[in-house]
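Accompanying notes for the structure given below.
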Amino acid sequence: MTNDDIAEVFLEMSELLRIDGGDPFRARAFERTAKKLQTLGRPVSEMLAAGSLERLHDIGEGSVTRIKDILRTGTCAEHKRLRQKLPPGIRALLAIKGIGARTARTVFQHLGIASVDQLEYAARTGQLIGLPGLPEQASADILRAIEIHKSQGHRVLLFDALRIGGEVIDALKSDPAVAALTQTGSARRRKATCGDLDVLVATTERGRIVETFAHLPMVEHVYIAGEGRASVRMAPGLQFDVRVIPPEQYGAGMHYFTGSQGHNIAMRLRANRRQLKISDHGIFRLPEEKRISPGPEENDIFRAVGLPFIPPELRENLGEIEAADAGTLPALVEPTSLVGDLRAMAGKSRAAIEDVVARARRLRLSHVFVGVDARDFAQRAEVVAFHDTLVQVQQHSPVQVKSTLLLTVDAAGALNRPDDWTEGFDWVVARFDQDVPDDDEVRTRALTAAADHGVIDAWAHLSDRHEGKSRAGTPSAQFFEAFLAAKLAVDVDGTYHRMDPDEGVVRSLVERGAKLALASGKSDEGLRFATYVARRGWATRARVLNTLDLEGLYRVTRRGEVPAAAAHVPVRNDIAEQLKAGVLSPALRDRIQKFMQGQPDHEVEAGLMQLSDNPLQAAFNLLMLTGSPQVLPEESSDIVDVEDDG
DNA sequence: GCCGTTTTCGGCCCGACTGTTTTCAGTCG
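Each position in the first sequence, counted from 1, maps to that position plus 1373 in the working numbering.
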């Protein structure tokens, strides 16, 4: 019984209780428990044994008792009671937009409807007409909502969410009435997948901007378009929302629309306790509801409730508010702190190797570890040839060119190539073979046996995440302990469809003292995406090996000794420093403007990319900032500066 | 069911939209 299985029972209880008309606050409490279980990062049975479960916020005595019952029997008394009253399939109705607990109860009580298909049939045959509480045209609305529901695809990968959001931002920002705009929602929190996409626009001409958005060429269908918002479909199953607010509410809006919902609720409860009210319109003193801050800056929201700025990646109501309150918020690793890429997959061809080296140069890295899969080598001689190629590439490169070998390990802990083939590689990364069962004991033994070869530096693909889905379960404490005992680093693969391991596993390992080795993997922008995972896993700079020069890297890993050839001069990007400080000389301003007009400028681009994932938007915001100082640029230039832990 | 910077009882985020039960309930994000 995994954490997700237990969470599912709580979610079912929550939804059935709502449909049954039970106490809505109780239903919400069940839902909070489910959310917490899904993001625990370690098996719940372990925390139960350690007595640490009930110390979690939102999990009380009642939940602990039920969790124990569910672990033992797969269910609990309340769960059984609700299942006797309602068929569990009825929950599917709640997934239809516009159908809530009340409507689900009505159609079940009067017509016995407990599935989407039954509801569709009833709507088509006019059976819904006259039901209490249902408006006249309910049938038409429901049929339309069911149609949308059926066309709904899976969640969008972060990579696509940022790309599509960037296109919308590009299309809107040229309008002179737009004072500021940014992508919000889960994309700004850098979640690996996003349900729908959001852009927030500050302008004095709200209605007109909504109109402009609704008529963009990529819009397929407009669901709603009102005064302050529009909701459209951009592709089958891809919903895109725009929120348009007055400029003086930009900061409050940014906080509200970035979410997560759980974080917002916790923040507002905290505000209430201080006789304050937070909404997307600003901050108000209770009870008279007097506006106390114009709220132009997101940070005003945090300041009002006595907290330092919380980076968007942490806003999941998973302890970030408590940590901020206690002054223990981590100073998250920033892209500007990275000096190396520890696994840029290239393969054996010289052209591909030169590509990843050129990319490292564009990113102003001092070193790049060219990655190759051990399966690409059939004979030892090919390994030697690969190293020869690297030496040749190195001769023409200011970037230090190193090498990473990616090995596969079977259930017995055997490597898929002889140990001595790893000689000459500067970093060796292992991962489980597809055939290794998702069984914690098997994996712990295999990992330990593999590490005993003494050649492995890091372990990759711990969650086996593809397209947003983690195929491996949450490892146990015993697995994590074996991992740390083996002195392995955590390889974080930033390939856009992987972002593996997931942030829960990263956070568990970071909490236990593990170091992260960020890898661009197979993506051009993989290093950036790996950094997002690290940040969502609460990693500070001190936990990320990519912030160290080669000497430092070897000193803190199992290799210990520094290879003689590792000496180098770090590459500095003075433009990045200027951009980060927000101080633009006229000459630099000019270069940024030319870059925005399409003139290539790698130095400016690299500097901008360290500020934001969208260099054009960063440029736009920077120029905006120097023009009108009250508007903040996107992203956390004011991240709280707490002592690092290393 | 959970929680506490006025509380171990009495509350529980907030605003917008929709339709209609002209003063509110249901739903959503």
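The beta carbon of each residue, even a glycine, is placed where N, CA and C say it ideally should be.
Task: Own chain partners of V1615 with C-beta closer than 6 Å, once the 5 adjacent residues on each side are dropped - done: Excluding positions up to five away in sequence, the list reads V1572, F1586 and A1603.
TODO: Return the CA-CA distance between R1405 and A1380, expressed in angstroms with no decimal places.
DONE: Their backbone Cα atoms lie some 10 Å apart in a straight line.
Open item on the list: For A1511, tell me which candidate among I1597, A1560 and R1497 has the shortest Cα-Cα distance.
Closed with: Of the candidates I1597, A1560 and R1497, the residue whose Cα lies closest to the Cα of A1511 is R1497.
Task: Helix, strand or coil at D1792 [DSSP, three-state] - done: Residue state for D1792 is assigned as helix, using DSSP reduced to three classes.
TODO: Mark L1798 as exposed unless 16 or more other C-beta atoms lie within 10 angstroms of its C-beta, in which case mark it buried.
DONE: Reading off the sequence, residue 1798 comes out as Phe, not Leu. Under this definition F1798 is a buried residue.
Task: Ordered list of alpha helix (DSSP H) runs contained in the stretch 1414-1449, each at least 4 residues - done: Complete alpha helix (DSSP H) runs here, min 4: 1417-1423 and 1434-1446.
Task: Residues near V1772 in its chain [Cβ-Cβ closer than 8 Å; skip 5 each side] - done: Closer than 8 Å at Cβ, skipping near neighbours: V1730, A1733, R1734, L1738, S1739, H1740, V1741 and V1944.
Open item on the list: Excluding the 5 residues flanking I1519 on each side, which residues of the same chain have their C-beta closer than 8 Å to its C-beta?
Closed with: The answer, listed in chain order, is I1469, V1489, L1492, E1493 and A1496.
TODO: Return the residue from the list E1419, N1376 and I1486 that minimises the CA-CA distance to L1504.
DONE: Out of E1419, N1376 and I1486, I1486 has the C-alpha closest to the C-alpha of L1504.
- [ ] Work out the CA separation of A1725 and V1828 for me, nearest whole Å.
- [x] Cα to Cα, the separation comes out at about 26 Å.
Open item on the list: Could you compute how far the alpha carbon of L1421 sits from the alpha carbon of V1437?
Closed with: Whole-angstrom Cα-Cα distance: 8 Å.
Task: Where R1439 falls, given that 16 or more other Cβ within 10 Å makes a residue buried - done: Burial call: buried.
Open item on the list: What does DSSP give as the partner residue(s) for S1604 in the beta ladder?
Closed with: In DSSP, S1604 forms a bridge with I1597 and D1614.
Task: Beta-ladder partner(s) of H1839, from DSSP - done: Answer is K1842.
Open item on the list: Taking 8 Å as the threshold (C-beta atoms), are T1920 and V1743 in contact?
Closed with: With a cutoff of 8 Å on beta-carbon distance, V1743 and T1920 are scored as not near each other.
Task: Segment contact flag, the stretch 1385-1399 with the stretch 1469-1484, C-beta cutoff 8 Å, min 3 pairs - done: Here the stretch 1385-1399 makes contact with the stretch 1469-1484; the two share three or more CB pairs at distances below 8 Å.
TODO: Classify G1462 as buried or exposed, calling it buried when 16 or more other Cβ atoms lie within 10 Å of its own Cβ.
DONE: The residue is exposed, with fewer than 16 neighbouring Cβ atoms inside 10 Å.
- [ ] Give the secondary structure of T1913 by DSSP, where H, G and I count as helix, E and B as strand, and everything else as coil.
- [x] T1913: strand per DSSP, three-state reduction.
Open item on the list: Starting from H1636, trace the alpha helix (DSSP H) in both directions and tell me its first and last residue.
Closed with: Counting along the chain, the alpha helix (DSSP H) containing H1636 begins and ends at Q1634 to R1646.
Open item on the list: Under 8 Å, with one C-beta from each stretch per pair, do the stretch 1617-1637 and the stretch 1547-1565 reach the 3-pair mark?
Closed with: Enough Cβ pairs lie closer than 8 Å, so yes.
Task: Same chain, Cβ closer than 8 Å to T1375, five either side skipped, listed in chain order - done: Its chain contains P1416, G1846 and T1847 as the residues whose beta carbon lies nearer than 8 Å to that of T1375, once the 5 sequence neighbours on both sides are disregarded; these appear in chain order.
Open item on the list: Quick check: what's the CA-CA separation for D1653 versus G1599?
Closed with: For D1653 and G1599, the distance between alpha carbons rounds to 17 Å.
- [ ] Note down, one range per segment and in chain order, each alpha helix (DSSP H) of at least 4 residues found wholly within the stretch 1685-1751.
- [x] Qualifying alpha helix (DSSP H) stretches, in chain order: 1693-1699 and 1723-1735.
Open item on the list: Quick check: the Cα distance between A1822 and G1786, rounded to an integer number of angstroms?
Closed with: Whole-angstrom Cα-Cα distance: 5 Å.
Open item on the list: Can you give me the C-alpha to C-alpha distance between E1686 and Y1905, rounded to a whole angstrom?
Closed with: Looking at the two C-alpha atoms, the distance is approximately 8 Å.
TODO: Taking G1635 as the reference, give the member of E1540, D1431 and I1665 with the closest Cα.
DONE: When E1540, D1431 and I1665 are compared, the shortest CA-CA separation from G1635 is found for D1431.
Task: Cβ contact check for the stretch 1753-1768 and the stretch 1801-1819: 3 or more pairs under 8 Å - done: They do not touch, by the three-pair rule.
Task: C-beta contact flag for N1690 and A1639 at 8 Å - done: Yes, the pair counts as a contact, with Cβ atoms nearer than the cut-off.
TODO: Assign D1548 to one of three DSSP states: helix, strand, or coil.
DONE: Reduced to three states, the DSSP call for D1548 is coil.
Task: Secondary structure of V1879, DSSP reduced to three states - done: Here V1879 sits in helix by DSSP.
Open item on the list: Quick check on DSSP: helix, strand or coil for R1579?
Closed with: Reduced to three states, the DSSP call for R1579 is helix.
Task: Cβ-Cβ distance between L1649 and V1678 below 8 Å - done: A Cβ-Cβ contact shorter than 8 Å links L1649 with V1678.
Open item on the list: Taking 8 Å as the threshold (C-beta atoms), are I1392 and R1478 in contact?
Closed with: Yes, they are a contact pair.
Task: F1798 in three-state terms, based on DSSP - done: DSSP places F1798 in coil when its eight states are reduced to three.
- [ ] Would you mind stating whether V1766 and R1723 have Cβ atoms separated by less than 8 Å?
- [x] Yes, the Cβ-Cβ distance between V1766 and R1723 is below 8 Å.
TODO: Count the other CB atoms, across all protein chains shown, that sit within 10 Å of the CB of K1967; report buried if there are 16 or more and exposed otherwise.
DONE: Within 10 angstroms of the beta-carbon of K1967 lie fewer than 16 other beta-carbons, which makes it exposed.
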